[in-house]
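Line by line, the protein sequences give chains X and C.
For what it's worth, numbering that gives the first Met the number 0 labels the leading residue of the first sequence as 0, then goes sequentially.
For what it's worth, numbering that gives the first Met the number 0 labels the leading residue of the second sequence as 0, then goes sequentially.
A virtual CB, placed ideally from N, CA and C, is assigned to each residue, including glycine.
Okay, so here's the structure we're looking at.
Number of protein chains: 2
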Amino acid sequence: MAVRLKDIARDLGVSVVTVSKVLRGNSDIGEETRKRVLKRMKELNYQPNMLARGLASGKTYTVGLVVPDLVHPFFAEFAKSLGGVLRASNRALILASSEEDPEIERQEIRTLLRRGIDVLLIASCQPSLRNFYELGDERTPYLLFDRNFPHLAAHFVGSDDVLVGEMATRHLIERGHKRIAHIAGQSTSPAHDRLRGYKNMLAEHRLPAPENYVVPCDHLEEAGVATGHKAMQKLLKLDQRPDAVFCYNDPTAIGAIEATLEAGLRVPEDIAFIGCGNMRYNDYLRVPLSSIDHGTAELGRIAGELALELAGKPEQPPRSILVPPTLVERASTGARKAR
Amino acid sequence: MAVRLKDIARDLGVSVVTVSKVLRGNSDIGEETRKRVLKRMKELNYQPNMLARGLASGKTYTVGLVVPDLVHPFFAEFAKSLGGVLRASNRALILASSEEDPEIERQEIRTLLRRGIDVLLIASCQPSLRNFYELGDERTPYLLFDRNFPHLAAHFVGSDDVLVGEMATRHLIERGHKRIAHIAGQSTSPAHDRLRGYKNMLAEHRLPAPENYVVPCDHLEEAGVATGHKAMQKLLKLDQRPDAVFCYNDPTAIGAIEATLEAGLRVPEDIAFIGCGNMRYNDYLRVPLSSIDHGTAELGRIAGELALELAGKPEQPPRSILVPPTLVERASTGARKAR
């Protein structure tokens with residue numbers, strides 16, 4: 000006979016409500032009780048009927064995630080970390096990629112909402128708010144991550160990107176660089192905020208910030224290397240060549256460094272570079288790459304926990320959670336190898 | 000009023016069956032008709048009711064994917080390519096990661112089946128067939144990818160891994176190397192087949208294959224760099240040091256090259272390396288890494304198409320589709336930079 004919640008509750012001397020809460024990943028159950036209940040469920044090979052639960056509760060026990068590019072390590076790592084949190088609460092992750100195309104993103108969001116999900120998480124590639132006003136009409140709560148819309152009252156989990164820009168630029172200044180350029184993103188909130196951080200720091204240190212030292216680029220996620228390479232070629236042609244470059248992300252920095260080496264210059268002696276994202280293989284690059292780590296796994300974990308809360312209680316005042324970034328120094332800004 | 004399939008069919012002068020087939024991603028509709036129908040659906044902002052369709056047809060229009068590690072670029076790229084095929088047919092992708100843990104994998108498979116999916120795709124980290132005998136009891140068709148079980152009659156999409164091993168080893172032999180080692184996987188079919196390909200080639204060229212030239216390792220996906228580093232330290236201690244190493248995958252090769260450089264040796268002059276997987280950033284590594292490309296995006300595309308077929312017609316004799324690998328030469332085996 001099928002094992003029921005009642006059986007588990009009786010065996011452990013707890014209430015059915017408690018067992019049910021553990022199953023639903025409710026956070027107001029103590030860690031020890033949670034472990035005991037999960038252990039007993041496993042021993043008895045308890046199989047909740049998800050479909051029946053879904054029909055009864057109106058919940059689907061799924062969370063939808065829309066990212067611009069899954070192969071970019073930031074989004075892969077975010078999805079992995081998020082998936083771990085959801086798994087611990089018996090939620091499944093439905094994944095969609097927008098390929099940085101606003102139209103595909105709109106389609107994917109529509110498909111997910113139509114299918115039924117409890118919460119939607121998006122790193123949007125929309126230039127405007129249109130999608131999200133539509134979303135506001137739906138009953139499904141949503142949560143922006145990585146990319147925010149400043150004029151939209153929405154839940155957000157991301158980096159403090161002004162601080163990212165300040166931290167990267169300050170590091171280059173502290174290394175003695177005076178002519179600091181920025182290969183920038185555009186149309187997204189991280190792009191805007193990192194640029195602001197860069198400008199803040201230059202102003203604070205009274206360093207020149209000529210307009211042509213900022214090269215705004217598109218497609219920095221899925222085509223970062225090629226885009227960074229091209230942007231750097233522009234900077235190399237300037238009369239007053241920069242002596243350091245803060246790059247929007249790590250792939251962009253990889254491309255920019257390639258262009259610099261191809262031009263017969265040395266990194267970091269002639270031009271230093273810092274990226275953003277702290278990708279898994281940064282230590283092993285031709286020039287090991289300094290980077291700002293925005294705590295991707297931590298972002299995924301926090302987003303997962305907020306998503307679970309929203310799944311349980313959709314109506315909540317919008318919260319914005321910013322994870323503080325950290326600096327990782329490597330050879331591209333002159334750090335000697337630590338290992 | 001809501002737009003119905005009937006309206007679209009009438010507007011275009013086609014049958015309702017045709018429109019319905021396009022919606023379900025059925026492949027027996029001509030490309031031109033498909034485009035016309037999709038265009039009209041878009042113009043009318045047609046919203047199929049997925050839940051109602053699911054209840055009526057017993058289909059969920061979702062495909063489940065279980066991978067060992069999403070951050071490993073192979074699985075991220077596979078998922079991206081697969082997702083593209085599914086999106087074109089209005090299917091969603093539910094993603095789960097096993098973290099290379101057989102117990103988590105079993106849980107995730109159970110959760111997906113309970114939730115209801117039309118097809119399950121798995122790159123399994125199971126050492127045995129137990130999971131899949133259980134799966135055989137379910138009505139949900141499944142498809143193995145990347146990792147096969149030789150004695151299981153199941154659908155499979157993957158590389159020809161014997162050929163991968165032969166191709167990598169032949170390349171090292173053609174470059175003049177005589178003492179060729181292999182940092183190997185274990186317990187999975189690609190590990191077994193790549194090792195077989197390596198041994199085939201050494202035998203064919205009457206080269207020595209001492210037992211201690213093969214270092215079998217676990218955790219080559221999510222901890223490849225550290226594992227490769229450690230395995231290489233063993234090889235460097237041998238009296239007869241190898242002059243070339245075929246590494247199970249690219250992260251493993253990155254770690255092995257690090258260990259070699261740390262020992263004061265040169266790559267490829269003292270020891271040459273070839274990996275497998277042809278990761279996105281291989282060109283930009285300290286030593287640009289030669290690799291066998293197993294056509295990841297193509298694997299994802301083929302798996303997606305087979306999954307759609309199985310979703311439409313679950314009962315089919317098992318098919319095994321192997322994508323031929325290609326060799327990409329870079330500096331780690333002495334290729335000069337092409338760019």
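Notebook entry, point to check: Going along chain C, which residues have a C-beta under 8 Å from X/Ile93?
Noted result: Thr61, Ala91, Leu92, Ile93 and Leu94
Notebook entry, point to check: Can you tell me whether DSSP reads X/Ile28 as helix, strand or coil?
Noted result: coil
Margin query: On the criterion of 16 or more Cβ atoms from any shown chain inside 10 Å, does X/Gln239 qualify as buried, or is it exposed?
Written below: exposed
Check: Smallest Cα separation from C/Gly299: which of C/Gly227, C/Gly157 and C/Ala152?
Finding: C/Gly157
Check: According to DSSP, what are the bridge partners of C/Asp292?
Finding: C/Thr325
Next item on the list: Could you give the DSSP three-state label for X/Thr59: helix, strand or coil?
Entry: coil
Next item on the list: Step through the CB atoms of chain X and report whether any lies within less than 8 Å of the CB of C/Arg114.
Entry: yes
Margin query: Quick check on the burial criterion: 16 or more other C-beta atoms within 10 angstroms. Buried or exposed for X/Lys79?
Written below: buried
Next item on the list: Leaving aside the five residues before and after X/Leu284 along the sequence, list all residues of the same chain whose C-beta is less than 7 Å from its C-beta, in chain order.
Entry: Ile253
Next item on the list: Go ahead and label C/Val244 buried or exposed: buried means 16 or more other beta carbons lie within 10 angstroms of its beta carbon, across all protein chains shown.
Entry: buried
Check: Out of C/Glu98, C/Ala87, C/Asn130 and C/Gly82, which has the shortest C-alpha to C-alpha gap to X/Leu94?
Finding: C/Gly82
Next item on the list: Anything in the segment 275-290 of chain C with a Cβ closer than 7 Å to a Cβ of chain D? List those residues in chain order, please.
Entry: Going by chain labels, chain D is absent from the structure shown, which instead holds the protein chains X and C.
Item checked: Identified DSSP bridge partners for C/Cys216 -> None; C/Cys216 has no bridge partner.
Note to self: I'd like the list of long-range same chain contacts for C/Leu50, defined as Cβ closer than 6 Å, with 5 residues on each side in sequence excluded.
What the structure shows: With a pLDDT of 47 at C/Leu50, under the threshold of 50, the modelled position of that residue is not reliable, and no figure is offered here.
Note to self: By the 7 Å beta-carbon criterion, what residues does the segment 239-262 of chain X contribute toward chain C?
What the structure shows: Ile253 and Glu257
Checklist line | Outcome for X/Lys20 when other beta-carbon atoms lying within 10 angstroms are tallied against a minimum of 16 | finding: buried
Notebook entry, point to check: Would you say X/Pro189 and X/Tyr212 are within 8 Å of each other, going by their C-beta atoms?
Noted result: no
Note to self: Can you check whether the C-beta of C/Gly82 is within less than 8 Å of a C-beta belonging to chain X?
What the structure shows: yes
Check: If contact means a Cβ-Cβ distance below 7 Å, which residues of the segment 297-324 of chain X contact chain C?
Finding: none
Next item on the list: Can you have a look at X/Gly175 and say buried or exposed, based on whether 16 or more other CB atoms are within 10 angstroms of its CB?
Entry: exposed
Next item on the list: Could you spell out where the beta strand (DSSP E) holding C/Gly157 opens and where it closes?
Entry: His154 to Ser158
Notebook entry, point to check: What do you reckon, are the CB atoms on C/Asp145 and C/Glu99 nearer than 8 Å?
Noted result: no
Notebook entry, point to check: What are the boundary residues of the alpha helix (DSSP H) that C/His71 is part of?
Noted result: Neither: C/His71 is in no alpha helix (DSSP H) and is coded neither H nor E.
Item checked: Proximity of C/Ser97 and C/Leu307 at Cβ, strictly below 8 Å -> no
Next item on the list: At 8 Å on the CB atoms, spell out the chain X contacts of C/Val36, in chain order.
Entry: Neighbours of C/Val36 on chain X: none; closest Cβ ~15 Å, over 8 Å.
Note to self: Please identify the residue among X/Ser26, X/Leu112, X/Lys41 and X/Glu261 whose C-alpha is closest to the C-alpha of X/Val65.
What the structure shows: X/Leu112
Item checked: Boundaries (first-last residue) of the alpha helix (DSSP H) holding C/Ile121 -> First-last for C/Ile121: Val118 to Ile121, but that is the beta strand (DSSP E), not the alpha helix (DSSP H).
Margin query: Using a Cβ-Cβ cutoff of less than 8 Å, which residues in the same chain neighbour C/Leu85 once the five nearest sequence positions on both sides are dropped?
Written below: Val62, Ala91, Leu92, Gly303, Ala306 and Leu307
Notebook entry, point to check: Any heavy atom of the ligand SAM within a distance shorter than 7 Å of the CB on C/Gly303?
Noted result: Among the components of this structure there are no ligands whatsoever, and the ligand SAM is therefore not found.
Note to self: Quick check on this structure: which residue in X/Gln125, X/Ile121 and X/Arg129 has the alpha carbon closest to the alpha carbon of X/Phe77?
What the structure shows: X/Ile121
Checklist line | Interface flag, C/Ala337 vs chain X, CB-CB below 8 Å | finding: Any reading at C/Ala337 is ruled out, since the residue's pLDDT is 46, under 50, leaving its predicted position unreliable.
Next item on the list: Would you mind working out which of C/Leu162, C/Leu206, C/Ala153 and C/Pro140 sits nearest C/Ile172, comparing C-alpha positions?
Entry: C/Leu206
Next item on the list: Could you work out which residue in C/His154, C/Glu31 and C/Arg39 is closest to C/Lys5 when comparing CA atoms only?
Entry: C/Arg39
Margin query: To the nearest angstrom, how far is the alpha carbon of X/Asn147 from that of X/Gly184?
Written below: 14 Å
Checklist line | Simplified DSSP state of C/Val266, which is helix, strand or coil | finding: coil
Check: Since X/Glu76 meets chain C, which of its residues come closer than 7 Å, beta carbon to beta carbon?
Finding: Val70
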